[in-house]
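Asks: The numbers in numbering that gives the first Met the number 0 rise by one with no breaks, and the one at position 168 of the sequence shown is 167. Glycine is no exception: its CB is placed at the ideal position from the N, C-alpha and C atoms. Because the structure is a prediction, the values reported are computed rather than measured.
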Amino acid sequence: MRGRKSDQSSYSPVGNRGRLYVISGPSGVGKDAVLARIKLLDRPFYFTITATTRRIRPGEENGVDYIFLDRRKFKQMIEAGDLLEWAEVYGNLYGVPKSQVIEAQKRGCDVIMKVDVQGAATIKKLMPEATLIFLEPPDISALKRRLRNRNTESEHEFRLKLEVARDEMKEAGCFDHVVVNHDDGIDAAADAIDQIIRDYAEGRFPADRNSLR
Numbered sequence: 000m001r002g003r004k005s006d007q008s009s010y011s012p013v014g015n016r017g018r019l020y021v022i023s024g025p026s027g028v029g030k031d032a033v034l035a036r037i038k039l040l041d042r043p044f045y046f047t048i049t050a051t052t053r054r055i056r057p058g059e060e061n062g063v064d065y066i067f068l069d070r071r072k073f074k075q076m077i078e079a080g081d082l083l084e085w086a087e088v089y090g091n092l093y094g095v096p097k098s099q100v101i102e103a104q105k106r107g108c109d110v111i112m113k114v115d116v117q118g119a120a121t122i123k124k125l126m127p128e129a130t131l132i133f134l135e136p137p138d139i140s141a142l143k144r145r146l147r148n149r150n151t152e153s154e155h156e157f158r159l160k161l162e163v164a165r166d167e168m169k170e171a172g173c174f175d176h177v178v179v180n181h182d183d184g185i186d187a188a189a190d191a192i193d194q195i196i197r198d199y200a201e202g203r204f205p206a207d208r209n210s211l212r
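Printed below as a string of structure tokens:
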């Protein structure tokens, strides 16, 4: 099941706030790995932490990689309007706490948010000034291999994610920028995203959004 909801009623733009960068792409493309590498660049970015009801994976830490919640607590956050956007994806709930984004932007920090492709579209409607960056694999075969190697999905989940990924990759043209995460190319992808952010900060807006493929 896939769904998408957003709470647009209580978000009001803040003057002189930091810019919001939304990183998205199909499951298995390497979003977490690329973002982890960007964090090592030691830039003054604020990285949102997504709340989720999915099971914690080996090596993940609660409050660092994700905020792991049960469905009851997550639904309480929905009802309280505490999430900027939320979705049910592959049977699990995901959402971005609104307070993280608002407080970071008030401090003038650039914010990097990771959401799924549907979520990126929702954020763009809510915050048109947000910059959307699509992280894509070099080809579908590479994505298949990465999903297999991750070894965290059942065969049914693998096939479902691959089917959804094919559709999501068709949406790349709707994003402001596209960055390819090549095999053994995590550093290059992280550097490309970092350069996009620096270009905006310095007023050098990339002319060709597909130039980073």
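#1: I'd like the list of long-range same chain contacts for residue 204, defined as Cβ closer than 7 Å, with 5 residues on each side in sequence excluded.
#2: Just to check my reading of the structure: residue 81 and residue 97 have Cβ atoms closer than 8 Å, yes? What is that Cβ distance to the nearest angstrom?
#3: Would the segment 30–47 count as touching the segment 186–202 if we require 3 or more Cβ pairs under 8 Å?
#4: When DSSP labels each residue in this structure, what does residue 83 get in the three-state scheme?
#5: Exposed or buried, residue 19, counting other C-beta atoms within 10 Å across all chains shown (16 or more means buried)?
#6: Short of 7 Å in beta carbon distance, which residues of its chain neighbour residue 67, apart from the five on each side in sequence? Order them along the chain.
#7: Assuming residue 100 is part of the alpha helix (DSSP H), what are its boundary residues?
#8: Name, in chain order, the residues that DSSP records as bridge partners for residue 176.
Replies: So, to answer that:
#1: Excluding the 5 residues flanking it on each side, residue 204 has same chain C-beta neighbours closer than 7 Å at 198, in chain order.
#2: Contact between residue 81 and residue 97 holds: CB atoms are separated by about 6 Å, below the 8 Å threshold.
#3: Touching, per the Cβ criterion.
#4: In the displayed model, residue 83 falls within a strand according to three-state DSSP.
#5: Classification of residue 19: buried, given that the 10 Å Cβ count is 16 or more.
#6: Here the set comprises 51, 55, 61.
#7: 97–105 is the extent of the alpha helix (DSSP H) around residue 100.
#8: In the DSSP output, where bridge partners are listed per residue, residue 176 has 132.
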